[in-house]
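Inspection log for the structure reproduced underneath, given as structure tokens.
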Amino acid sequence: MEFMLKVFDRFGPVAIFVFALTPLPDDLLFIPLGMMRYSLIRAFIPALIGKTCMNFIVAYSGRYAIGIIRDIFGEGSDWIAALFGTLLGIVLFIIVMFIMFKVDWEKLFEKYEKKRLQKEKRRREQG
Numbered sequence: 001m002e003f004m005l006k007v008f009d010r011f012g013p014v015a016i017f018v019f020a021l022t023p024l025p026d027d028l029l030f031i032p033l034g035m036m037r038y039s040l041i042r043a044f045i046p047a048l049i050g051k052t053c054m055n056f057i058v059a060y061s062g063r064y065a066i067g068i069i070r071d072i073f074g075e076g077s078d079w080i081a082a083l084f085g086t087l088l089g090i091v092l093f094i095i096v097m098f099i100m101f102k103v104d105w106e107k108l109f110e111k112y113e114k115k116r117l118q119k120e121k122r123r124r125e126q127g
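Reminder that position 91 of the sequence shown reads as 91 in the working numbering, one-by-one numbering, no gaps.
Structural data, given as structure tokens:
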């Protein structure tokens, strides 16, 4: 919860937009916002924009990808195309799961935050 509050305190509407745009569970963001009595309008507008953008991306990706999919797999369904699609899906799934579970996202965020604070400190010292 503290990690989420740190992210939200720093990025606010951008965090809401990113959670709405991506498959991240935005319910986990809205529950603390409600507990903090965050403004409904300030949370609703970035969420609406994020969900709308996500739907446009999905719709247009499907529209433009259908030609590529037909070129790769052909019009008919043969077992080689099905095997290729299955293997490709399994490999992509393994890569995504590896990244999700092996990367320490909190540590990565803290490292980024530390670098940002050091840059800010240097700027203040220089000017």
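Cβ coordinates follow ideal geometry from the N, Cα and C atoms, glycine included. As the structure is a computational prediction, the values presented were derived from the model and not from experiment.
- Between the segment 56 to 69 and the segment 38 to 45, the count of Cβ pairs shorter than 8 Å is below three; the stretches do not touch.
- In this structure, the beta-carbon distance from Gly67 to Ala20 does not fall below 9 Å.
- Burial is judged here by how many other beta carbons sit within 10 angstroms of a residue's own beta carbon; Leu29 has at least 16 and is buried.
- For Leu33, same chain residues with a beta-carbon under 7 Å away, outside a window of 5 residues either side, are Ala43 in chain order.
- From the listed residues Thr22, Lys115, Arg37, the smallest Cα separation to Thr52 is found for Thr22.
- Excluding five sequence positions before and after Pro13, the CB atoms of its chain that fall closer than 6 Å to its own CB belong to Pro46, given in chain order.
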